[in-house]
Amino acid sequence: MSTVVEFEKVVAVAGSFPVLTGLDLRVDQGEIVLLRGENGAGKTSFLRTCAGLIAVNSGDACVLGFDMGVDRRAPRRYIGLLGHENHLYRDLWVREHVEFRAAAAGAAESDTDAALEKVGVPEQLWTVPIGSLSAGQRRKVAIASLVVGRPRLWLLDEPHATLDMKSRENLDLILGEASASGATIIFASHERPPTNGLASRVITMGGGRVLEDSGAS
Amino acid sequence: MTAVTTSRVKMTATPITRVLGVLALAATALMALLGLVVSPADVVQGEAVRMLYLHVPSIWIAYGAFVLTSVSSVLFLRRTKHRADRGRHYDRLAGSAAEVGVVFAGITLITGMLWGKVTWGTYWQWDARLTTTILLFVTYLGYLALRRLPADPMVRSRRAAVMALISFVNVPIVHYSVDWWRTLHQKASLSVGRRPEITGEMYWTLLYSTFAVTIVAAWLIIHRYRVIRLEELRDEEALEALISSRLTKDDGNN
Amino acid sequence: MLAETLLVARKDLRVEWRAKVALGQVTPLALLILVVFAFALDANTSLLKLGAGGLYWVAVLYGGTLLIQRSFDVETDDGNMDAFRMSAIGAPSLFLGKALALFVQIGLLELVLGLGIAFFYEVRIVDWALLLVAAAAGTVAFSVCGVLWGVMSAGLRVRATLLPLLLVPVLAPVLLAGSRAFETALGVRADAGWTWASLMFVIAAVHTAIGLGAFGFLLEEG
C-alpha cells in the first residue's frame, strides 16, 4: 500500500491569504476520504494544493510520489479534479466534450460512451449542447469527463451538489468501484449521511488545518 | 541596495542616497545654469536648442531604463527557475526602472514635440525615433498595468518578466520597421526633420546634462526600489499576522 | 505533440462551429468597420483605394482582437482554465493548438474582409502571390501573438481593456508591414512588398519561439 498524499506542516498561500496553515495529513492508496468543515476551513484549498494549482509556501507536500515543492505540475496527469465549477465547454455537444477530455487524458475516445452510460446521462442527450442541460445533468457530464480519464487520485469538491438522489447513489457506486480498482479518492462534502457510509475515513478541517481525523494511518 | 529591514523604519534614505540626492540637486542646478545661460544659442534654431539638453538625456534614460528592466527580468526568470523564492530583487529592480523609464519617455515625447513645433513647425514627425518612443511609452504602460494585477505576487512578477522579455525583442523590431519605412518613403523636403549637428560648448553641455539626468534617474530608481521592498515587507508581515491569527483562533476553538 | 496540437485546435474550432461567434458576430462587425471607414473618409474613392491596404489591416486588428478575446473567454468560463492546467496535454501543444485554431478563424475573417475591400473600395489585385503570402504572414503573426498575450490577460476582470493595450504595441509593426505589403500587391505603390511580408514572418517566428518556452508557466494561475 503506497502513500498517495503526504503533507507535513504545509502552509499554502493563495493571493495574499494563507489558505493552509500548517496541515498534516497522510492518505494511502485505495482510501476514500471525506473532508468536512465549515465554509472557509480550507477544504477546497487543500484539494487544489494536492492538484498542484496552489503553491506550497512551506512544509513538505508529496502527491503520488512527486515533491510539490520541486514541481507541482508533475502529478497532474494522474489526477482527476472536479471543482465547484464543472469545467465544461458549454457550446460543445455532450459527447464531443467528453471525447475531448478523453483524448486529452490519453484515453480512447471510445471510452466516452461507456463513461456517459455509467454516470447515467441518457443517450438522447449525447448530441445536445451542454449549455442547454440542467445543472444536475451538467454535473454528471463533468463526472463522466473525470471517469473517462481513469485518474489515480480523485479530488472532488462537493461532487454530489445538484444531483438527485438516484444520481448520488450512482456516484457513490462509481467511487466505490474506482477505489476497489486502486484509485484513491478525497472528496469534500457538506452532505448528510448516506455519503458518510461511502468514506472509510472522515477528516474535519478548520482554519486551514486538520482538526479531527477519524482514521489516522 | 536595501536600506531597511524592519518595518519600524519609515524612510528609505541612507547616507549614500542622501549624498546622491544632494549631488543630483547640485548637478541639476548646474545643468540649468549651463543649459539656459552659459551655452550659446544655436545659429539655426535659436534658443530652442536648449530644449535638447533635457530631451536627449531623457531619451537615453527612457531606453536605458527599458534595457535595465528587460535584463533584470531575464535574470529574475533564470533565478526563479531554480528556487521559487530567490531573485525577487531583480523583479523589484525591473519594476522601479520601468516606472522611472515611463516618466522619462513621457518627458522625451513632450520636449520632443515642443522642440519640433519651434524648429520644424510641426508637433510630430513620423520618423523612427519618435514613433518608436511613443510605442515604447505605451508598452511601458501595459507593463506597469500588468504589474498591478490582483494576483499571486510570484505569478504577477513572472508574467511581467515575460512581457519585458518579449518587449525587449519587439521594440527594436518596431524601430527597424519604422526606420526602414520612412527611409523608403522619404521625400527630399523631409530633410528638414534631421537633427542638428552639435559641437563645441553645446556638445559639452549636452554631455554634462546626460550625466546630471542620469544621477537624478539613479536616485529615483533606488528610492522606488526601496519603497517596493517596504511594500513587500508590509505584505509579508501582514501574511504572518494572518497565519498566526488563524492558528491561535483555532486553538481557542479546540 | 502534433496529435495533441490538432486535438486542441479541433476542439477550439468545433466550439466556434457550434457557437458561431466568429462567423455570426465578429465578421459582420469587421465588415461594418470597412463601411464606417468610408463614412469617415467621405466616400472619397481615390483615398479609399490608396488606403485600402492599411484599412484592411485595421479591420483585421479589430476583429482579430475580439476573436483572441473570445478564444480565451471560452477557456476561463466555468473554471475551464483549471481543466486546461490539469490536462495531460503539454503546454507547447496547448499553445500551438490554440494558435492554429485562431489562424483558421482569423484567416476566414480576412477572406471576407478581402472580398470587402475588393467590392467596397474597388481595388485591383496586381500581385496575387504577394497578397496571399502577406495575408498568411500577418495571420500567423496575429495568431501567435494573440495566444501569447491572450493568456496573460485571460480570466482577469480587466481583460477586455488589458488585452488590446498589451497586444496593439506588439502588433503595430505587423500592421505596418501588412499595410505596405498589401499596397504593393494592390498596385498602389511600388514598394518592397516581399520584404515586408518576411518581416511579418520574423515577428511570428520570434513570438512562437517565446510562446513555446513561456506558455507553460504563463498558464499558472493569477
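Protein sequence lines correspond, in order, to chains G, S and P. Quick note: the first sequence uses the working numbering, first residue 1, plus one each step. Quick note: the second sequence uses the working numbering, first residue 1001, plus one each step. Quick note: the third sequence uses the working numbering, first residue 2001, plus one each step. Even for Gly, the Cβ is constructed at its ideal location relative to N, Cα and C.
Among E1237(S), D1235(S), W1219(S), S1072(S), the one whose alpha carbon lies nearest that of A1027(S): Shortest Cα-Cα distance from A1027(S) to any of E1237(S), D1235(S), W1219(S), S1072(S) involves W1219(S).
One or two residues paired with I206(G) in a DSSP bridge: The sequence as given places Gly at residue 206(G); Ile does not occur at that position. Beta-bridge annotation (DSSP): G206(G) is paired with R209(G).
Residues of its chain near D213(G), where Cβ-Cβ distance is below 6 Å and the 5 sequence neighbours each way are ignored: The residues are I203.
Beta-bridge pairing of E188(G) - partner residues as DSSP gives them: One point to set straight first is that residue 188(G) is Ala, not Glu, in the sequence displayed. DSSP lists L35(G), D157(G) as the beta-bridge partner residues of A188(G).
Between the CA atoms of P1057(S) and L92(G) - distance to the nearest angstrom: Taking the straight line from one Cα to the other gives about 57 Å.
Exposure label - P2028(P); buried when at least 16 CB within 10 Å: So P2028(P) ends up on the exposed side.
C-beta contact flag for R2085(P) and L2218(P) at 8 Å: No, these two residues do not count as a Cβ contact at 8 Å.
Reduced DSSP secondary structure (H/G/I, E/B, other) of D1127(S): Coil.
Sub-8 Å separation of G1035(S) and T1205(S) beta-carbons: Result yes, Cβ atoms of G1035(S) and T1205(S) sit closer than 8 Å.
Close Cβ partners of V1227(S) (< 7 Å) along its chain, the five nearest in sequence each way excluded: T1012.
For K9(G), the three-state DSSP class (helix, strand or coil): Strand at K9(G).
Straight-line Cα distance separating F1076(S) from T1017(S): A straight-line Cα-Cα distance of about 25 Å links T1017(S) and F1076(S).
For R26(G), three-class secondary structure by DSSP: Note: R26(G) maps to strand in three-state DSSP.
Which residues DSSP lists as bridging F17(G), in chain order: Per DSSP, A14(G).
Given 8 Å, three or more beta-carbon pairs between the segment 99–111 of chain G and the segment 61–76 of chain G: Verdict: no, contact absent.
Neighbourhood of G2054(P) by C-beta, 7 Å cutoff - its chain only, sequence neighbours within 5 removed: Hits under 7 Å: S2179.
Identity of the residues DSSP links to G1046(S) by a beta bridge: BP columns for G1046(S) point to D1042(S).
Residues sharing a beta bridge with C62(G), DSSP: Here C62(G) is bridged, per DSSP, to E6(G), D67(G).
Nearest-angstrom Cα separation, counted from A2129(P) out to T2184(P): So the two alpha carbons sit approximately 11 Å from each other.
Supposed contact pair L1144(S) and R1159(S) - C-beta distance, whole angstroms, cut 8 Å: Not really, about 13 Å apart at Cβ, beyond 8 Å.
8 Å Cβ cutoff met for A144(G) and A183(G): The beta carbons of A144(G) and A183(G) sit no closer together than 8 Å.
C-beta neighbour in chain P for N57(G), strict 8 Å: Answer no: the Cβ-Cβ gap between N57(G) and chain P never drops below 8 Å.
Contact list for the segment 5–17 of chain G against chain S, Cβ threshold 8 Å: Cβ contacts with chain S: V11, V13, A14, G15, S16, F17.
Residues of the segment 2075–2106 of chain P with Cβ closer than 8 Å to any Cβ of chain G, in chain order: Against chain G - using a Cβ distance shorter than 8 Å - the residues of the segment 2075–2106 of chain P are D2077, D2078, G2079, N2080, D2082, A2083, R2085, M2086, S2087, A2088, I2089.
Local Cβ density within 10 Å of D164(G), reported as buried at 16 or more and exposed below that: Classification of D164(G): exposed, given that the 10 Å Cβ count is below 16.
Partner residues on chain P for G106(G), Cβ-Cβ distance less than 8 Å: Simply A2088.
Residues of its chain near T1133(S), where Cβ-Cβ distance is below 8 Å and the 5 sequence neighbours each way are ignored: Listed in chain order, the non-local C-beta contacts of T1133(S) below 8 Å within the same chain comprise I1059, A1062, A1105, T1108, L1109, G1112, local neighbours out to five positions each way being set aside.
Inter-residue spacing [alpha-carbon to alpha-carbon] between M2001(P) and A2088(P): Rounded to the nearest whole angstrom, the CA to CA distance from M2001(P) to A2088(P) is 11 Å.
Selection of the segment 1069–1081 of chain S by Cβ proximity to chain P, strictly under 8 Å: Answer set for the segment 1069–1081 of chain S: empty.
Where L1239(S) meets chain G, residues with beta-carbon distance less than 7 Å: Result: V13, S16, P18.
Cα-Cα separation between K2049(P) and D1042(S), rounded to whole angstroms: Between K2049(P) and D1042(S), the C-alpha separation is close to 45 Å.
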